[in-house]
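In what follows, a structure is listed as structure tokens, so that the remarks can point back to it.
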Amino acid sequence: MWLKLCLLLIYVTALFIIARLIEAVTWYETGSLSRRLLDPMTLSVMKLKALLHQRGVTYDSVVEKSDLTQLVEGTGPAMEDEVELSLSEESATDETVFESGAHFYEQVEDAKDSVWMIFVSMGETSNLRFISDQTWKSIKKRILRFGVRAGVMDCTRYQRYCNAKGLTSPQLLLALPQDFKTKASVKMHTYTGSPRESAINNWIHNKLDEKINTINSYKEFKYDWLKYKHNFLDPEIRTVLFTKEGVMPMFYSALSLRFPGRVRFGKADMKNSLKDEFSSYFKNNSKTSGPLPHYLIITPEDKFLYGIQRGEYLTFESLEIFLKSLYPSLNDLFILSFVIVNVMSWFEFFEVQGTFFKRLRKLLWCAIKYNVLLIMMWLPLVGLFSLPYFEKLIMIGLKFVRFISTSSFASLVRKDFLFYTKHVFSLTSSFLMYALIIGFVQYRKSDNSTDVDSSEEDDLWNFNQMRTLEHLIRPADSIGQLEAGFGRFGTISSPTLWLRPSGSVDYIQQLPTWKFQVSKFPPTESQKLNSPEVLNTGRMAGKTIEEIGSIGIHNIERMKEEIQCDEKLMADICSNSCFPTGYLPNTQCVICLDDYMHGIILCGLPCRHSFHEQCILSWLNRDNHFCPVCRWPADQPKNVTLHLHCE
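Okay, so the sequence shown: first residue is 1 according to UniProt numbering, each after it adds one.
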């Protein structure tokens, strides 16, 4: 897991470097960076309309180019990359078709932070619809780019639920959160005006504007917006739009409903009376100086204007990402971790060597494992965050997040995120190329290994401690790695078919052999029996007790000398290194129970036990393909990490 996380961080770093190289090429060719302010009068009418359409400003009754220019200037400056973004952006036209009353309640009424535009119809015919299909598609295309979700409710499928809600005729509904709370109730607004597209768009825009707080005086702004009544750990974010034309862009109004309980939105129309009151404030603050309009962001730590740094566009998506980075919710963090974990699991598909189905099996297993671990990690975290004792700790964490999110580096990261999300095909292609390179390196690395199959089987269950958290859940696996094959002892304690070799018996010819050599030889049993010093019971007759005692003491001393001779013999065997390195020195064959003689040929098994060559060959040729001492398979190598005497 940790290896895949490092690979993903390397890929993200490479994307960041590529984006900086693209900016360097742009600077070299044009002499300036992509963030360049443009004069709206130099833009064509098509670009002006695309820019207004992206910001959510209605221009149906405007004909002259000067009027379009005034609308653009009234909502904010025009930047070169923002104009290019407005021309290339195409909103999706997806809609949700409610299948039942429970589905409608789950998606609309139970969702506390979303805005819904609902098209209620009484059938498929045109006379049973409030507006035509073409008008509905045009409205969807406009509102979906501002986070307003579209849904179709056919009351012919569930008339009882529609009757309970009072939906007895074709109409349009707008579902909005009622209060500035995290779990505010949803209120339904019914449109009763003209079925023209422009009238419906103006009605939606006005309903969204009603949710923005209006600032009527500088005193209200100073005490209710600039000052925090609670301590400095208060995480609430406040944003105020100062405009002189009275134009409220729809992207700003729609965002006021996406952050209930987290971000408070306000507006101030800079008329003659208010302009004089706010002029001193803007002059005394260098971060808020400049021509109107101003998108002022207020945090407990600082106050600054949105749209000054690179990557801060006057669009719904850009401002939403910016506010989420200042005050992320648990749902935002969970989605981010979910995406990271599932992208990491795709590396498994390219790292594994084998057929397509084997790679797919490993990918599914890795994705399931990572997602289960993610859920197991988030469940206790959610419980801890709900405790009142951790409230101050959460506030400190959010304060640290705001400190990072307001930096120049964070603005570049947000800019790159917007850029790559607009070029999904390029992002996917680059990731596949990166993963293929990693797979090729892994293939060349595994090609040098001599036991690929066994390593793949071990990787399926015995995970490396640096790549996963498996050792925390199954600590017995780490203990079992003290010696290879240690877990097989319970199985091989009795002879079974598992002990029979699956291949040939050619391994017998490859077993190591050597000569047993010592410099000193103990007396043989025949020499001991023929020794004149051996006690003769026939001569004991007629001896006195004192004479018999002296003879017994003499024999005990003789036995001590023999034991000391045997110990010197083992020391001499070990010192002369007549056994290969790693083999257990011994002086007797456990098969025939005879002592080793000088110059005799010995044969060793992979378990590091030795025997007479003829004895062990006869043992193995009788289909006993295991060690007579420890019963380790004779055709399988054994990596001994423990001392042999520990057996």
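A virtual CB, placed ideally from N, CA and C, is assigned to each residue, including glycine.
Would a C-beta distance cut-off of 8 Å place F347 and H294 closer than the cut-off?
As a first step, residue 347 is located in the sequence shown; it is residue number 347 there, counting from the start. As a first step, residue 294 is located in the sequence shown; it is residue number 294 there, counting from the start. Here F347 is not near H294, since their CB atoms are 8 Å or more apart.
Pick helix, strand or coil for T406, following the three-state DSSP scheme.
Within the sequence shown, residue 406 is the residue found at index 406, counting from 1. In the three-state reduction of the DSSP assignment, T406 falls in the coil class, being assigned neither a helical nor a strand state.
Comparing alpha-carbon positions, which option in P580, Y507, I394 lies nearest Q517?
Sequence index remark: in the sequence shown, residue 517 carries index 517 (1-based). Among P580, Y507, I394, the Cα nearest to that of Q517 is on P580.
DSSP-derived helix/strand/coil call for Y158
Position 158 of the sequence shown, counted from the first residue, corresponds to residue 158. Of the three classes helix, strand and coil, the one that applies to Y158 here is coil, per DSSP.
Which residues does DSSP pair with W116 in a beta bridge?
Taking the sequence shown and counting its residues from 1, the one referred to as residue 116 is at position 116. According to DSSP, W116 bridges with R149, A175.
Just to confirm my understanding: we take E109, look at its own chain, exclude 5 residues before and 5 after, and list those with CB closer than 6 Å. What are they?
As a working note, residue 109 is residue 109 in the sequence shown. V186, listed in sequence order.
Measuring straight from C-alpha to C-alpha, what distance separates N201 and Y28?
Translated into the one-based positions of the sequence shown, residue 201 becomes position 201. Translated into the one-based positions of the sequence shown, residue 28 becomes position 28. Within the model, the alpha-carbon separation for N201 versus Y28 is close to 44 Å.
Distance, Cα to Cα, E613 vs L602?
Start at 1 with the first residue of the sequence shown, and residue 613 comes out as number 613. Start at 1 with the first residue of the sequence shown, and residue 602 comes out as number 602. C-alpha of E613 to C-alpha of L602: approximately 5 Å in a straight line.
For Q510, count the other beta carbons within 10 Å of its own beta carbon; 16 or more makes it buried, fewer makes it exposed. Which is it?
Residue mapping note: residue 510 aligns to position 510 of the sequence shown, counting from 1. Classification for Q510: exposed.
Where the alpha helix (DSSP H) through C366 begins and ends:
Numbered from its first residue, the sequence shown carries residue 366 at position 366. Unbroken alpha helix (DSSP H) run through C366: 356 to 385.
Where do the N-terminal and C-terminal ends of the beta strand (DSSP E) with Y295 fall, by residue?
On the sequence shown, residue 295 is found 295 positions in, with the first residue counted as 1. Segment 294 to 298, the beta strand (DSSP E) holding Y295.
CA-to-CA distance, P388 to M377, given in whole angstroms:
Against the sequence shown, residue 377 aligns to sequence position 377. Against the sequence shown, residue 388 aligns to sequence position 388. One alpha carbon belongs to M377, the other to P388, and they sit about 20 Å apart.
Grab the span of the alpha helix (DSSP H) containing V240 for me, first residue to last.
Along the sequence shown, read from residue 1 onward, the residue named residue 240 stands at position 240. Counted as a single uninterrupted DSSP element, the stretch harbouring V240 is not any alpha helix (DSSP H) but the beta strand (DSSP E) occupying residues 237 to 243.
Can you grab the Cα-Cα spacing for the pair R160 / F130, in whole Å?
Translated into the one-based positions of the sequence shown, residue 160 becomes position 160. Translated into the one-based positions of the sequence shown, residue 130 becomes position 130. Going by C-alpha positions, R160 is about 20 Å away from F130.
What is the DSSP secondary structure of A78, reduced to helix, strand or coil?
Translated into positions along the sequence shown, residue 78 becomes position 78. In the displayed model, A78 falls within a strand according to three-state DSSP.
Check whether the Cβ atoms of K362 and V352 sit closer than 8 Å, and answer yes or no.
What you label residue 362 is simply residue 362 of the sequence shown in a count that begins at 1. What you label residue 352 is simply residue 352 of the sequence shown in a count that begins at 1. Against a cut-off of 8 Å, the Cβ pair of V352 and K362 comes out as a contact.
Using the C-alpha atoms, what's the distance from T355 back to V115?
Stepping through the sequence shown from its first residue, residue 115 is reached at position 115. Stepping through the sequence shown from its first residue, residue 355 is reached at position 355. Each residue's Cα considered, the two are about 47 Å apart.
Hey, could you find the ends of the beta strand (DSSP E) C615 is sitting in?
Position 615 of the sequence shown, counted from the start, is the residue given in the question as residue 615. In this chain, C615 is not harboured by any beta strand (DSSP E); it is covered by the alpha helix (DSSP H) spanning 613 to 621.
How far does the beta strand (DSSP E) with A268 in it extend, from its first residue to its last?
On the sequence shown, position 268 is the one that residue 268 refers to. Segment 263 to 269, the beta strand (DSSP E) holding A268.
Is the CB of F265 under 8 Å away from at least one CB in chain B?
This model lacks chain B altogether, as it is built from one protein chain only.
Sorted by chain position, which residues of the same chain lie with C-beta nearer than 8 Å to V382's C-beta, five sequence neighbours on each side aside?
Here the question's residue 382 lines up with position 382 in the sequence shown. Its chain contains L330 as the residues whose beta carbon lies nearer than 8 Å to that of V382, once the 5 sequence neighbours on both sides are disregarded; these appear in chain order.
Kindly list the residues whose CB is nearer than 8 Å to the CB of P512, restricted to its own chain and excluding five residues on each side of it in sequence; keep chain order.
Counting from one through the sequence shown, the residue named residue 512 turns up at place 512. Here the set comprises P580, C603, G604.
Roughly how many angstroms separate the alpha carbons of L366 and L7, rounded to a whole number?
Stepping through the sequence shown from its first residue, residue 366 is reached at position 366. Stepping through the sequence shown from its first residue, residue 7 is reached at position 7. According to the sequence shown, residue 366 is Cys rather than Leu. About 16 Å.
CA-CA distance, L326 and L255?
Here residue 326 corresponds to residue number 326 of the sequence shown, with the count starting at 1. Here residue 255 corresponds to residue number 255 of the sequence shown, with the count starting at 1. Roughly 14 Å between the two C-alpha positions.
If you follow the beta strand (DSSP E) that C603 is in, where does it begin and where does it stop?
In the sequence shown, the residue the question calls residue 603 occupies position 603. For C603, the enclosing beta strand (DSSP E) covers residues 601 to 604.
Which residues DSSP lists as bridging S610, in chain order
Walking along the sequence shown from the start, residue 610 turns up at place 610. Listed as beta-bridge partners of S610 by DSSP are G604.
Between G591 and W619, how many whole angstroms is the CB-CB distance? I'm expecting something under 8 Å.
As a first step, residue 591 is located in the sequence shown; it is residue number 591 there, counting from the start. As a first step, residue 619 is located in the sequence shown; it is residue number 619 there, counting from the start. Looking at the sequence provided, one finds Ile at residue 591 rather than Gly. That belief holds up - the Cβ atoms of I591 and W619 are roughly 6 Å apart, short of 8 Å.
With DSSP collapsed to three states, give me the class of V518.
Taking the first residue of the sequence shown as position 1, residue 518 is located at position 518. DSSP places V518 in coil when its eight states are reduced to three.
Where A435 falls, given that 16 or more other Cβ within 10 Å makes a residue buried
Counting from 1 along the sequence shown, the entry for residue 435 is found at position 435. Burial state of A435 is buried, judged by a 10 Å Cβ sphere holding 16 or more other Cβ atoms.
Close Cβ partners of F489 (< 6 Å) along its chain, the five nearest in sequence each way excluded
Numbered from its first residue, the sequence shown carries residue 489 at position 489. Reliability of the predicted coordinates at F489 is poor, the pLDDT of 46 falling under 50, and no value is obtained from them.
Here's a check: name, in chain order, each residue in its chain whose Cβ is nearer than 6 Å to the Cβ of Y11, leaving out the five neighbours to either side.
By one-based count along the sequence shown, residue 11 stands at place 11. Within the same chain, Y11 has close Cβ partners Y434.
Taking the alpha carbon of L323 as the reference point, which residue from F104, Q70, P260, K275 has its own alpha carbon closest?
Numbered from its first residue, the sequence shown carries residue 323 at position 323. When each option's Cα is compared against that of L323, the closest is P260.
In angstroms with no decimal places, state the Cα-to-Cα distance between A50 and E210.
The sequence position of residue 50 within the sequence shown is 50, counting from 1. The sequence position of residue 210 within the sequence shown is 210, counting from 1. The alpha-carbon atoms of A50 and E210 are separated by roughly 25 Å.
Using a threshold of 7 Å, is the CB atom of Y313 nearer than that to any non-hydrogen atom of the ligand MG?
In the structure on display, the ligand MG does not appear, and there are no ligands present to speak of.
In three-state DSSP terms, what is H53?
On the sequence shown, position 53 is the one that residue 53 refers to. Three-state DSSP puts H53 in a helix.
Would you decide whether W2 is buried or exposed? Buried here means 16 or more other CB atoms lie within 10 Å of its CB.
On the sequence shown, residue 2 is found 2 positions in, with the first residue counted as 1. Exposed: under 16 other Cβ atoms inside 10 Å.
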